[in-house]
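These notes concern the structure reproduced below.
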Amino acid sequence: IFRSVTNWAFSLLLRNYLVDANALLLVAPIEIPVMENEYLKPVATIFNSVDVIDFVEGDYAVVRNKIGATYGNNVEGDSYYIITTVAVHRYDQINSRRQFSEAYYFEHGLDELPVFKLGGIVIDVYGSHSLFESRISGILPEFNEALREYSDLQAAKVLHLYPERW
């Protein structure tokens, strides 16, 4: 989609890095090739911190898939990824009793976790869990004020509160 890693980094990664320092980045193929002579096409997928169920760096991650799943007559259900140092699993909901079935399995063979936190400034550590804060969190109130003032100025221009003399 972005044609290069640089375009992707400046279009998508940088925005998420600045806004959500606790987001996770998973690098894995979306589709497993059927033919043996096809290459894997890994895709970087960002899971925002609201979708992270559990994450232990270097061990495993459990995240909610925003796309979800459908079952029955197009009923929307949940979908979750479980990522380990051995494989990536995706489980989709298959009925209203919240039962799940494995919908995707990819054994990556990396012997390390293909998912990591975007990171930022460490503000708290509890055991193996780290809590990060965005590197721009200190200037966010000023950004919000500038945005509010700009919005007020735009409204004033539209409502002609500053008419010029003829």
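Residue numbering for the sequence shown follows our numbering, starting at 1015 and increasing by one per position.
Even glycine gets a Cβ: it sits at the ideal position worked out from N, Cα and C.
This structure is a prediction, so every number in the text was calculated from the model and none was measured.
Query: Span separating the alpha-carbon of Arg1112 from that of His1103; Result: 17 angstroms
Query: Where Ala1104 falls: helix, strand or coil (DSSP); Result: Note that residue 1104 is Arg in the sequence shown, not Ala. Of the three classes helix, strand and coil, the one that applies to Arg1104 here is strand, per DSSP.
Query: Alpha carbon of Asn1051 to alpha carbon of Val1033, nearest angstrom; Result: 40 angstroms
Query: Classification of Ser1093 by the beta-carbon crowding that lies within 10 angstroms, buried from 16 upward; Result: buried
Query: Chain-order list of residues whose beta-carbon lies under 6 angstroms from that of Lys1055 (same chain, five-residue window excluded); Result: Pro1043
Query: Gln1168 burial status per 10 Å Cβ neighbour count (16 or more: buried); Result: exposed
Query: Contact the stretch 1133-1150 vs the stretch 1078-1098: 3+ CB pairs below 8 angstroms; Result: no
Query: Under 8 angstroms between C-beta atoms of Thr1099 and Asp1125; Result: yes
Query: Rounded C-alpha distance that separates Ala1035 from Ser1025; Result: 16 angstroms
Query: Contiguous alpha helix (DSSP H) assignments of at least 4 residues, all confined to the stretch 1090-1178; Result: 1154-1172
Query: Ala955 and Val1129 closer than 8 angstroms at C-beta; Result: Residue 955 cannot be examined here, being either before or after the span of the chain that is shown, 1015 to 1180.
Query: Which residues DSSP lists as bridging Ala1037, in chain order; Result: According to DSSP, Ala1037 bridges with nothing at all.
Query: Range of the contiguous beta strand (DSSP E) that encloses Val1048; Result: Per DSSP, Val1048 belongs to no beta strand (DSSP E) and is neither H nor E.
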